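A short write-up of the structure that comes next.
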Amino acid sequence: MDVVTRFAPSPTGYLHIGGARTAIFNYLFAKKHSGKYLVRIEDTDKKRSSEEAIKAIHQGLNWLNINSKYKIVYQSQNFNSHIKVAYELLEKGFAYKCFLKSDELEKLRIKSRENGIPIKSPWRKKKEQDEYKNKEFVIRLKMPSDGTTTINDIVQGKVTIKNEILDDMVILRSDNTPTYMLSSVVDDNDMGITHIIRGDDHFNNAFRQIQIIKYLNWNIPYYAHIPLIHGLDGAKLSKRHGATSLYDYHDLGYTSEAMFSYLLQLGWSAKNDEDYFIDRATKLFTLEKVNKSPAKFDLKKLNNINSKYLNIMKVNDVYKLIVERFKLSLNKEEQKRFKSLLPELLKRVKVYTDLEDEFDWLFQHDFFCKDKNLQLKLQNNKFLLKEIGSLLKECEWSMENIKNCLNQYIFENSLTFKDIGPMLRIALTGKTNSPDLVSIIYELGCTITVNRLNYKY
Ligand code: GLU
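Residue numbers (my numbering): 12 to 468.
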């Protein structure tokens with residue numbers, strides 16, 4: 012079988028991390044089976060859809076490297092084909108015109124709710140009379156009223172429902188626009204979708220949508236309804252659990268690779284292992300391994316994965332990310348300094364944007380320590396710093412010589428490294444915590460180092 016999947020977001024806001032995970036599953040499943048992965052923008056609700064939201068979807072998919080390489084489908088452009096199908100169902104007797112006025116419909120709704128029965132309009136059995144010829148109507152699907160419908164969902168398992176619980180859903184509105192329930196099925200068929208992989212909030216819809224497919228003798232796709240993402244407290248993921256927009260994680264300094272890997276592991280696991288780059292994930296991915304219960308979004312785990320990825324990525328790649336993000340314009344010497352110290356600096360952060368705190372001491376020539384308490388310490392130790400500065404000024408610049416020079420000072424003054432190390436670190440970086448001191452001195456170079464040690468606080 013030639014597998015075709017689709018990611019079908021509604022462009023009504025930002026790309027949610029749950030949507031991004033659905034996209035990843037669709038992408039990987041198609042890739043694994045050398046099939047096609049398509050993206051369909053479900054922009055039928057013109058009031059709620061926006062250009063901005065469409066942009067956000069592409070931005071998010073591009074960031075994760077999982078946008079479709081095929082033409083993007085915009086559902087609203089297929090309206091005519093949806094309307095045609097509504098009328099085909101009508102002609103074949105699988106749908107009917109319903110002329111209920113809004114107050115009549117409201118009464119029917121209340122009655123159905125009170126009795127726990129699905130909405131079936133009296134027009135299901137009525138014949139259209141001449142007096143109704145020019146009246147407004149909607150088209151409803153005539154759901155089978157007896158028998159059962161079974162879906163063998165790849166994730167949820169085999170589920171059977173009684174058809175009598177299905178309501179005669181509207182497929183074409185009175186303004187002649189198709190509903191999502193119709194459009195989605197028609198597009199899936201037109202696009203040749205073989206596997207529908209989506210959130211399990213659509214599982215109920217599948218039992219209703221499949222009736223259209225059966226009436227028209229179309230191919231029934233495979234279904235895989237994946238559980239939604241919850242917060243650690245078990246409640247459905249919402250803003251109170253942290254950012255829910257995928258791209259916010261980009262802005263916060265997470266890498267695309269870590270985000271991909273983490274989202275993939277949310278609700279899916281092959282091995283208890285956390286490095287899933289796209290190629291490896293493609294080999295291992297199966298829908299059968301998607302968990303049936305909701306996944307819990309755990310920021311700590313994402314942070315761990317992100318910091319792990321920052322440390323296994325090529326230094327040049329992380330460097331590029333940072334330079335682009337902070338629009339740094341560095342001269343050759345500064346570039347070298349940054350790249351040399353980057354592996355050490357990355358060990359200390361969860362997200363690369365945290366490195367912003369390091370930029371001043373790394374690159375500013377007229378740098379001075381800004382912390383008042385630390386300034387005081389430097390003032391009290393200015394002679395020591397000056398003396399070390401004088402020694403370093405004479406030093407032939409190599410890591411080895413710098414180390415020897417510091418050791419010589421310690422030895423000659425009967426000190427230990429603890430007596431000079433913390434003070435040098437503050438003077439050079441303005442911090443009490445930083446990468447290896449000798450590397451810092453070496454990378455800053457003689458002039459900058461000596462200037463900082465001589466700074467008059
Ligand atoms: N547009 C729907 C949504 O964003 C998805 C529909 C589907 O996958 O069938 O929830």
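Yeah, the Cβ is synthetic: ideal placement off N, Cα and C, and Gly gets one too. For clarity, every value in this text was computed on a predicted model and none was experimentally measured.
Helix, strand or coil for residue i, going by three-state DSSP, please let me know.
| i | result |
| --- | --- |
| Arg51 | strand |
| Trp279 | strand |
| Arg359 | coil |
| Asp164 | strand |
| Phe18 | strand |
| Ala34 | helix |
| Ser256 | strand |
| His69 | helix |
| Gly432 | helix |
| Cys457 | helix |
| Arg59 | coil |
| Arg219 | helix |
| Ala41 | helix |
| Tyr466 | coil |
| Leu205 | Per the sequence shown, residue 205 should be read as Thr rather than Leu. Correct three-state label for Thr205: coil. |
| Leu183 | strand |
| Pro354 | helix |
Between residue i and residue j, how many whole angstroms is the CB-CB distance? I'm expecting something under 8 Å.
| i | j | result |
| --- | --- | --- |
| Ile452 | Leu389 | Contact flag wrong, Cβ pair sits at about 16 Å. |
| Gln161 | Lys169 | The amino acid occupying residue 161 in the given sequence is Thr; Gln does not appear at that position. With 8 Å as the limit, Thr161 and Lys169 qualify as a contact, their Cβ atoms being about 6 Å apart. |
| Ile289 | Asn76 | 7 Å |
| Val461 | Lys414 | Actually they do not touch by this definition, with Cβ atoms about 17 Å apart. |
| Ile165 | Glu299 | 7 Å |
| Tyr320 | Glu268 | 5 Å |
| Asn187 | Ile94 | 7 Å |
| Asn302 | Trp279 | 7 Å |
| Gly30 | Pro20 | 5 Å |
| Leu464 | Leu396 | 4 Å |
| Tyr226 | His206 | Tyr226 to His206, Cβ: 21 Å. No contact. |
Roughly how many angstroms separate the alpha carbons of residue i and residue j, rounded to a whole number?
| i | j | result |
| --- | --- | --- |
| Asp201 | Gln375 | 60 Å |
| Asn73 | His213 | 25 Å |
| Ala64 | Tyr468 | 52 Å |
| Asn228 | Leu357 | 58 Å |
| Val50 | Leu277 | 22 Å |
| Lys131 | Thr364 | 57 Å |
| Asp178 | Pro129 | 4 Å |
| Leu339 | Thr427 | 38 Å |
| Asn174 | Lys361 | 52 Å |
| Glu407 | Glu423 | 19 Å |
| Glu355 | Val196 | 53 Å |
| Tyr38 | Ser45 | 10 Å |
Would you mind sorting residue i into buried or exposed? The rule is 16 or more other CB atoms within 10 Å of its CB.
| i | result |
| --- | --- |
| Phe110 | buried |
| Ala217 | buried |
| Asp54 | buried |
| Thr33 | buried |
| Ser156 | exposed |
| Asn317 | buried |
| Pro133 | exposed |
| Lys488 | What is shown of the chain runs 12 to 468, which leaves residue 488 out entirely. |
| Glu139 | exposed |
| Glu99 | exposed |
| Phe40 | buried |
| Phe36 | buried |
| Asp114 | exposed |
| Phe394 | exposed |
| Leu373 | buried |
Indicate whether the contact test is met: 3 or more Cβ pairs, each with one atom in the stretch 187-195 and one in the stretch 248-267, closer than 8 Å. no
How about the stretch 97-115 and the stretch 60-69: do they share at least three Cβ pairs that are nearer than 8 Å? no
Does the count of Cβ pairs from the stretch 367-383 and the stretch 412-422 closer than 8 Å reach three? no
Does the structure place the stretch 80-87 close enough to the stretch 116-136 that three or more beta carbon pairs sit under 8 Å? no
Count the C-beta pairs between the stretch 295-306 and the stretch 231-248 that are closer than 8 Å, then say yes if the count reaches three, no if not. yes
Taking 8 Å as the cut-off, does the stretch 244-252 touch the stretch 328-344 (at least 3 CB pairs, one atom from each stretch)? no
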